Amino acid sequence: VLLGNLANGLEEEKYKSVNRTSTLPLRVKTDANGKLWFFVGTDSGFEGLNTLYYQRVQVQLTPAAVQ
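Per our numbering, the very first residue in the sequence shown carries number 2; after that it's consecutive.
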């Protein structure tokens, strides 16, 4: 799920918290042991040093009916 860019809207090189939210439902399936891996990552075409801190990642899981 793509949540947009990380631009903070500042001209200066300062840190600022930005929020990205998605309400897009995404169906996933666990392995045979009921385990699920969740990855968070970024991709940048910027050729210099990037510093990025994730302050919080929140995921809501809802069990689906067994088919």
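No residue lacks a Cβ here, since even glycine has one placed at the ideal position from N, Cα and C. Keep in mind that this is a model prediction, so the values were computed, not measured.
Considering only the alpha carbon of each residue, which of the options lies closest to residue i?
| i | options | result |
| --- | --- | --- |
| L4 | S18, E12, T43 | T43 |
| L53 | K17, V2, E13 | K17 |
| R57 | G49, R28, T22 | T22 |
| Y55 | F40, L62, K30 | F40 |
For residue i and residue j, I'd like the C-alpha separation in whole angstroms.
| i | j | result |
| --- | --- | --- |
| F47 | E12 | 16 Å |
| P64 | V19 | 30 Å |
| E14 | L7 | 13 Å |
| N69 | V2 | Here the chain comprises residues numbered 2 to 68, so residue 69 is not present and cannot be evaluated. |
| K30 | G49 | 37 Å |
| V67 | V60 | 21 Å |
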